[in-house]
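Protein chains: 2
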Amino acid sequence: MTANRIFNFNAGPAALPLPVLEEIQASFLDFAGSGMSVTEVSHRSKWFDDVINDAVTRTRRLLGLGDKFEVLFIQGGASMQFCMIPLNFLAGGGTADYVNTGTWSTKAIKEAEIQGCDIKVVASSEDRNFAYIPKDIAFTPGATYVHITSNNTIKGTQWAAFPDTGGAPIVSDMSSDIMSRPLDVDRFGMIYAGAQKNIGPAGVCMVIIRKDMLDMVPDTIPTMLRYSTFAAKNSMFNTPPCFAIYTVQLIMKWLEETVGGLEKMEAHNLAKAGRLYSLFDESDFYYGTADKDSRSQMNVTFRLPSEDLEQAFVAGALKEGLGGLKGHRSVGGCRASIYNATTMEAIDALIGFMQEFERKNG
Amino acid sequence: MTANRIFNFNAGPAALPLPVLEEIQASFLDFAGSGMSVTEVSHRSKWFDDVINDAVTRTRRLLGLGDKFEVLFIQGGASMQFCMIPLNFLAGGGTADYVNTGTWSTKAIKEAEIQGCDIKVVASSEDRNFAYIPKDIAFTPGATYVHITSNNTIKGTQWAAFPDTGGAPIVSDMSSDIMSRPLDVDRFGMIYAGAQKNIGPAGVCMVIIRKDMLDMVPDTIPTMLRYSTFAAKNSMFNTPPCFAIYTVQLIMKWLEETVGGLEKMEAHNLAKAGRLYSLFDESDFYYGTADKDSRSQMNVTFRLPSEDLEQAFVAGALKEGLGGLKGHRSVGGCRASIYNATTMEAIDALIGFMQEFERKNG
Chain A
1 MTANRIFNFN
11 AGPAALPLPV
21 LEEIQASFLD
31 FAGSGMSVTE
41 VSHRSKWFDD
51 VINDAVTRTR
61 RLLGLGDKFE
71 VLFIQGGASM
81 QFCMIPLNFL
91 AGGGTADYVN
101 TGTWSTKAIK
111 EAEIQGCDIK
121 VVASSEDRNF
131 AYIPKDIAFT
141 PGATYVHITS
151 NNTIKGTQWA
161 AFPDTGGAPI
171 VSDMSSDIMS
181 RPLDVDRFGM
191 IYAGAQKNIG
201 PAGVCMVIIR
211 KDMLDMVPDT
221 IPTMLRYSTF
231 AAKNSMFNTP
241 PCFAIYTVQL
251 IMKWLEETVG
261 GLEKMEAHNL
271 AKAGRLYSLF
281 DESDFYYGTA
291 DKDSRSQMNV
301 TFRLPSEDLE
311 QAFVAGALKE
321 GLGGLKGHRS
331 VGGCRASIYN
341 ATTMEAIDAL
351 IGFMQEFERK
361 NG
Chain B
1001 MTANRIFNFN
1011 AGPAALPLPV
1021 LEEIQASFLD
1031 FAGSGMSVTE
1041 VSHRSKWFDD
1051 VINDAVTRTR
1061 RLLGLGDKFE
1071 VLFIQGGASM
1081 QFCMIPLNFL
1091 AGGGTADYVN
1101 TGTWSTKAIK
1111 EAEIQGCDIK
1121 VVASSEDRNF
1131 AYIPKDIAFT
1141 PGATYVHITS
1151 NNTIKGTQWA
1161 AFPDTGGAPI
1171 VSDMSSDIMS
1181 RPLDVDRFGM
1191 IYAGAQKNIG
1201 PAGVCMVIIR
1211 KDMLDMVPDT
1221 IPTMLRYSTF
1231 AAKNSMFNTP
1241 PCFAIYTVQL
1251 IMKWLEETVG
1261 GLEKMEAHNL
1271 AKAGRLYSLF
1281 DESDFYYGTA
1291 DKDSRSQMNV
1301 TFRLPSEDLE
1311 QAFVAGALKE
1321 GLGGLKGHRS
1331 VGGCRASIYN
1341 ATTMEAIDAL
1351 IGFMQEFERK
1361 NG
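For the record, the sequence lines run as chains A and B.
Numbering-wise (this note's numbering), the first sequence opens with residue 1 and increments by one.
Numbering-wise (this note's numbering), the second sequence opens with residue 1001 and increments by one.
Structure below.
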């Protein structure tokens, strides 16, 4: 732990890589020799062009997107995407399938329903409080898209592999696991991610969209709600959230140059999560809430023998410099969010504290 | 000029107060003793509650809003507001008046038209390339709202006083002059401002809305497009753009505690703009493009005797550490944007350069 810094297990906004934060800090009054802060530089300048183009290029390389996809930066978080997706893709008719794996899927479904779109919830794990990812789903033939949430921050579940949709493009909310592992991008029509978990600060949503999906966008919807507006103008139809995009750029650079790509990132993430899940599997004190085959590598949700102990655990951890371990207010319990930027040092510290807490209270 | 810092006359993103930038930099790895960067702190934490509540409280005090208004933070810039305004206020019928004073008004009008709303352009200064603010406007009796753009960054015009609309609430885009002068807020149903000119970095739009305007918001539109969603949740229905709101908070603090309020801010702004306009009025070399009674105190647009001289002027100024003086790409010429954060020292430097340039080229 660096002086004055805690180990941050927040679910989002979440820990960012320390070298990225240090670079932002060092150049904050004079960005790239411009004599201005990155918050003061024009988005119509060479300085910012370099930022956004580098962010896009690195994203393309990291995910192996080729030239079939556009990489866009849109404001409003994943919640804005819940409304933009049906607005852009179902306005001309058509149907879409949704899989409900928790709070965020439920919200995405609700926004399609508000618009009166023809959608079908083809699978749900609500019967067991969303503790698992549904299997053997019968998708609707000819669906315009299939919507899933790849990782569920609140319930601590994650799709280990993506479903065979019979050719329908997957539209996935990857807010909480984008860039945590390599992807077979050919399965996807669109991937979107609020930045504030794995790839940046709050205030920008990355949208990766297959170019042919843009053909569905109607010109009868407001300009700022059309994916085509952002694709046509390199995400700068109007002033973009420059600082957030700049941070995304630095994180993509960190992923490529420091981590060494998504295979290495995934191996690191599996090792981190594996240590926590092993502890649960060997313990009679801690237990995970997600089914084993649906466990998230990003959000490790767990319970202790009583709510009193859970409260004491969260408070005790905070005193030791381990923050953000309280479960989401809608489910209770405990949760360690261990996104890309969480170090093995942080996992060591957490496991040390957990073992000590069990010894004293088990 | 501080070491390595230029005098920044950008139209937006624009210069921010140096003490604010320095405070952000100093606390960037450990915000308010949290042991986290402000970009890593949960928006559901006491730390961030303090930020957003202080930003709102100071905004209320600075503008004298009383309790009739809500102060909201919404993503997507003013361009998103162009679509949200008719969507929220005209969905149930009704008509609205728009005054067209340039590029941004035109865009606002277009977004209402895309939605098929019943709006009327009651005045326009397009006949003389938007060089003036229309007078003696016949507003539509019973209009749901009257939309104006209080300051026009591109054309360099500004409403010196707000029109008598016969009781219809004014909805004003104040992106480029909010907090530059005191306001009689009773005239307004809504004020909105992309932060990146006078009150923060790009990535957040401040929306000040009279509470009774919220009664018009239909629940048939997407959740993230309803003003009522943001009002009900203190702008945190979903993760807000935390860093941008934090910067807004620091700028409101600077306005109150360093500047001393909006009367003092206005006096300073009038003095700054007055020096430039006096120079035009006394010169045969520089001339302002806006009518005298419509001149903006924020964006001073001017021409030189030829386009070649304008290019030489902008390039020469940059060499002397004076940046951002090129006019908007749609109109050419020169422009000095002198928002709240622009110091008198910057004006001195600009006037010195202008006099020298005229001596050499006049």
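Glycine is no exception: its CB is placed at the ideal position from the N, C-alpha and C atoms.
Values in this document were obtained by computation on a predicted structure and should not be read as measured data.
For residue i and residue j, what's the separation of their Cα atoms in angstroms?
i                 : j                 : result
Val51 (chain A)   : Cys205 (chain A)  : 16 Å
Arg1335 (chain B) : Gly1324 (chain B) : 8 Å
Lys233 (chain A)  : Pro305 (chain A)  : 54 Å
Asp291 (chain A)  : Arg303 (chain A)  : 13 Å
Arg359 (chain A)  : Phe280 (chain A)  : 14 Å
Gln1081 (chain B) : Gln355 (chain A)  : 52 Å
Asp284 (chain A)  : Ser278 (chain A)  : 12 Å
Leu1065 (chain B) : Leu1250 (chain B) : 19 Å
Trp47 (chain A)   : Pro241 (chain A)  : 14 Å
Asn269 (chain A)  : Thr144 (chain A)  : 33 Å
Ala1195 (chain B) : Ala1055 (chain B) : 13 Å
Asp1308 (chain B) : Ala1091 (chain B) : 50 Å
Ile1351 (chain B) : Leu1276 (chain B) : 7 Å
Ala1341 (chain B) : Asn1008 (chain B) : 10 Å
Met1179 (chain B) : Glu345 (chain A)  : 46 Å
Kindly indicate if chain A contains any beta-carbon less than 8 Å away from that of residue i.
i                 : result
Arg1295 (chain B) : no
His1268 (chain B) : no
Leu1016 (chain B) : yes
Met1080 (chain B) : yes
Ile1114 (chain B) : yes
Thr1239 (chain B) : yes
Ser1235 (chain B) : no
Met1190 (chain B) : no
Gly1092 (chain B) : no
Thr1343 (chain B) : no
Leu1072 (chain B) : no
Asn1299 (chain B) : no
Ile1006 (chain B) : yes
Gly1194 (chain B) : yes
Within 8 Å of any Cβ in chain B, is that where the Cβ of residue i sits?
i                : result
Ser172 (chain A) : no
Thr103 (chain A) : no
Phe28 (chain A)  : yes
His147 (chain A) : no
Ile154 (chain A) : no
Gly12 (chain A)  : yes
Thr39 (chain A)  : yes
Cys334 (chain A) : no
Gly203 (chain A) : yes
Glu310 (chain A) : no
Leu250 (chain A) : no
Asn100 (chain A) : no
Met206 (chain A) : no
Met179 (chain A) : no
Gln25 (chain A)  : yes
Met36 (chain A)  : yes
Gly77 (chain A)  : yes
Leu304 (chain A) : no
Using alpha carbons as the reference points, say which of the options lies closest to residue i.
i                 : options                                       : result
Arg1005 (chain B) : B:Ile1137, B:Gly1094, B:Gln1081 and B:Gly1321 : B:Gly1321
Ala1273 (chain B) : B:Thr1343, B:Ala1312 and B:Asp1054            : B:Thr1343
Pro1169 (chain B) : B:Glu1310, B:Thr1095, B:Ala1091 and B:Gly1066 : B:Thr1095
Met252 (chain A)  : A:Pro163, A:Pro19 and A:Gly92                 : A:Pro19
Ile1085 (chain B) : B:Leu1021, B:Ile1148, B:Gln1311 and B:Ile1199 : B:Ile1148
Gly1327 (chain B) : B:Ala1026, B:Phe1007, B:Arg1128 and B:Thr1289 : B:Thr1289
Asp1164 (chain B) : B:Met1179, B:Gln1158, B:Thr1140 and B:Ser1175 : B:Thr1140
Starting from the beta carbon of residue i, find every residue of chain C whose beta carbon is closer than 8 Å, and list them in chain order.
i                 : result
Cys1083 (chain B) : Among the chains of the structure shown, chain C does not appear; the protein chains present are A and B.
Touching by the beta-carbon criterion (3+ pairs, under 8 Å), the stretch 91 to 108 of chain A and the stretch 245 to 257 of chain A: Output reads no: the stretch 245 to 257 of chain A does not touch the stretch 91 to 108 of chain A.
Chain A contacts from the stretch 1314 to 1327 of chain B (Cβ-Cβ distance under 8 Å): Gly1321, Gly1323 and Gly1324
Sufficient close CB pairs (3 or more, under 8 Å) joining the stretch 1219 to 1239 of chain B to the stretch 1011 to 1020 of chain B: Three or more Cβ pairs closer than 8 Å define a contact, and the stretch 1219 to 1239 of chain B falls short of that threshold against the stretch 1011 to 1020 of chain B.
Interfacial residues, the stretch 268 to 283 of chain A to chain B, with Cβ spacing under 9 Å: With the criterion set as a beta carbon lying under 9 Å from some beta carbon of chain B, the stretch 268 to 283 of chain A has no members that meet it.
At least 3 beta-carbon pairs within less than 8 Å: the stretch 1292 to 1299 of chain B vs the stretch 1139 to 1158 of chain B: yes
Near-chain B residues of the stretch 40 to 52 of chain A (beta-carbon distance less than 9 Å), N- to C-terminal order: Glu40, Val41, Ser42, His43, Arg44, Ser45 and Phe48
Contact between the stretch 165 to 182 of chain A and the stretch 190 to 206 of chain A (3+ Cβ pairs under 8 Å): yes
Residues of the stretch 109 to 136 of chain A whose Cβ lies closer than 8 Å to any Cβ of chain B, in chain order: Sequence-ordered contacts of the stretch 109 to 136 of chain A with chain B read Lys110, Glu111, Ile114 and Gln115 [C-beta pairs closer than 8 Å].
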